[in-house]
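The structure under discussion appears below in the form of structure tokens.
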Amino acid sequence: MIGPDQFLSQAEGLGALMEQMREDRMNHALLITGEAGTGKWTLARGLAAALLCAGDEPRPCGKCRACLQMEEMAHPDLVVLERGKHLTRDDEGKAKNAITIGDVREMIRLTAQHGMEGDRRVVLIRHGEDMRTEAQNALLKTLEEPPEGTFFLMTARRTEALLPTIISRCRPMKMRLWTEAKIEKILRDRGTADDQASRAAREAEGSLGEAIRLTEDEGYWAFRAEVIRDWMECPSRSDIIRISNKWKDRKDEGEAVFALLEKIFSRMMRRSFQVSGKADSAAEFSAQWQSFARNAAPGDYARIFDGIALARKRTVSNVSFQAAVEQLILLFMEAVHTR
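Mind the numbering: the sequence shown is residues 60 to 398 in my numbering, read in order.
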């Protein structure tokens with residue numbers, strides 16, 4: 060488990076929070092927000108482990124019984140609210156995309172009992188915006204007057220979906236995007252090979268969660284390589300039909316292709332103009348794309364993004380996917396040959 064200390068530079072006010080935790084004066088409710096993949100849930104789990112840890116400082120120690128139980132999310136004094144994983148049989152098989160009022164009521168019942176292994180209980184709420192309105196209303200009184208020794212750690216991607224009264228009862232903590240260097244170090248510390256850690260950190264664009272996922276998903280890298288080879292580095296115009304024939308029956312993969320291409324060119328553009336990172340975004344591509352990245356003007360990128368958007372629109376409108384493939388390959392070939 061990644062400990063909270065690794066998030067000190069990523070979460071606003073985390074250092075002060077951990078000091079308050081050590082002095083047993085931590086706020087009873089914390090709301091962790093930020094973009095997808097910034098580590099909200101990982102940090103929440105780490106803080107829960109620190110609260111329940113029975114070992115010595117620094118906590119979580121990673122060795123005591125409580126920490127080992129937290130590795131499996133199986134500590135008896137932990138309650139988890141998460142959509143699709145209901146606490147009562149009444150909600151099983153329904154409301155798969157929501158945290159229900161039944162879940163909240165069962166959590167309240169459980170936290171009203173004495174702790175099984177200590178004097179603390181922790182409630183983890185993953186994606187608080189998944190709580191239905193009635194569930195949020197049911198949570199309000201408990202957030203305002205929590206049982207002694209009970210801590211609520213909630214994550215959220217969209218705070219606008221939370222009731223203002225829920226937000227006001229929680230201490231806010233905003234997560235920042237990770238730098239490539241920090242992601243790389245964490246991946247290496249997890250045992251990831253250097254070259255794999257480097258490429259995953261670069262591809263994740265500030266998302267630690269995405270980087271960890273990418274180190275375990277060889278299918279993604281194979282798909283990415285295929286898209287770059289076929290769509291971006293078509294050898295000649297005479298090969299366009301051959302490649303479009305190969306992709307014509309893969310329309311169900313179209314959105315994944317468009318999203319990947321947008322991601323590649325967005326990073327290339329940012330780094331070409333040195334908005335972030337180093338100006339080496341095209342180093343993995345052909346000499347022609349490297350030249351494009353060095354010399355392209357903003358209008359050149361705009362034409363590429365417009366072309367991808369048009370291809371997506373036409374595909375959704377049931378225009379031939381094969382035609383969309385051919386259109387984009389031709390656009391990319393014209394882009395690199397004019398630079």
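All C-beta atoms, glycine included, are put in the ideal place defined by N, C-alpha and C.
Since the model is a prediction, treat every value here as computed from it, not as a measurement.
Is threonine 201 helix, strand or coil by DSSP?
helix
Within this structure, are the beta carbons of serine 325 and alanine 355 separated by less than 9 Å?
no
Can you confirm whether the segment 172-189 touches the segment 209-218 when touching is taken to mean that 3 or more C-beta pairs between the two stretches lie within less than 8 Å?
yes
Tell me, please, whether the segment 236-256 touches the segment 305-313 by the rule of three or more beta-carbon pairs shorter than 8 Å.
no
In chain order, what residues of the same chain have a beta carbon less than 6 Å from the beta carbon of methionine 213, not counting five sequence neighbours either side?
Leu90, Ile184, Gly187
Can you give the beta carbon distance from leucine 272 to glutamate 239, rounded, assuming they're within the 8 Å contact cut?
Per the sequence shown, residue 272 should be read as arginine rather than leucine. About 16 Å; that fails the 8 Å criterion.
Continuous alpha helix (DSSP H) assignments of at least 4 residues falling wholly in the segment 73-121
73-81, 99-111
Rounded C-alpha distance that separates leucine 110 from glutamate 243
28 Å
CB-CB length for cysteine 293 against isoleucine 302, believed under 8 Å:
6 Å
Within 10 Å of its beta-carbon, does alanine 95 have 16 or more other beta-carbons around it, so buried, or fewer, so exposed?
exposed
Please tell me whether glutamate 193 and isoleucine 160 are closer than 9 Å, where the distance is taken between their beta carbons.
yes
Which residues bound the beta strand (DSSP E) around proline 231?
230-233
Give the secondary structure of methionine 291 by DSSP, where H, G and I count as helix, E and B as strand, and everything else as coil.
helix
Given glutamate 71 as reference, the closest of Glu165, Arg124, Arg235, Gly105 once Cα atoms are compared
Arg235
Buried versus exposed call for glutamine 172 [16 or more other C-beta atoms within 10 Å across all chains shown]:
exposed
Would you kindly work out how many angstroms separate the C-alpha atoms of phenylalanine 344 and glutamate 176, rounded to a whole number?
56 Å
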